[in-house]
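Just so you know, the UniProt record's numbering puts the end of the sequence shown at 145, numbered straight through with nothing missing.
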Amino acid sequence: MKRFVAATDGSEGANRAIDVAAELAKAVGGSLHILNVAGNLSGEALDEVMRSASLEKNVGDIIDSHSRGILIAAAERARRLGALDVHTQSAWGDPAEKILEFAQSVRADAIAVGKRGQGRLAGLLLGSVSQKVVSLAPRVVIVVP
């Protein structure tokens, strides 16, 4: 295993997934590819975006800026942990589908994702990103609690 993908939405769970993927990449001298799906905002982040929106700024531009900030922080975190070959990418769309597409495009050996903080019932009814990735990925998936 030499190529790792970590998906982040900026949450603590995603940060833990970045940590695990960075440690693995460091251990094997591999690469870490970090993805943020820009349109996948938590309620708090969406509130922040809406407060920032004005007539001069497009909401899409604000969301892209928010995504860049998440990616910069994730890359810095990974490098602090010793990952040397770190790449970032932003995407729009269904988070699980974009994670799977991105992993395929970089020929990742493994994907690291955080376990969502949804309750058991919500996870069963709605399905989480991590559950969807685990069930559809043709490669190793590491779900970090």
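We treat Cβ as the ideally placed atom computed from N, Cα and C, and that holds for glycine.
Nothing here was measured: the structure is a model prediction, and the numbers come from that model.
Contact between I99 and R139 does not hold, since the beta-carbon distance rounds to 11 angstroms and is not under 8 angstroms.
Bridge partners of I111 according to DSSP: V5 and V141. By DSSP's assignment, N36 forms a beta bridge with S90.
R107 counts as exposed, since fewer than 16 other C-beta atoms from the protein chains shown sit within 10 angstroms of its C-beta.
In this structure L24 is buried. Its beta-carbon is surrounded by 16 or more other beta-carbon atoms within 10 angstroms.
Rounded to whole angstroms, the gap between the alpha carbons of V37 and V28 is 27 angstroms. For V129, the uninterrupted alpha helix (DSSP H) run begins and ends at V129 to L136, by DSSP. Taking 7 angstroms as the cut-off, the beta carbon of P95 is found no closer than this to the beta carbon of V141. Taking the CA atoms as reference points, S105 sits about 27 angstroms from I62. Annotation: V144 to A7 spans about 11 angstroms, alpha carbon to alpha carbon. When the beta-carbon positions are compared, K26 and G82 come within less than 7 angstroms of each other.
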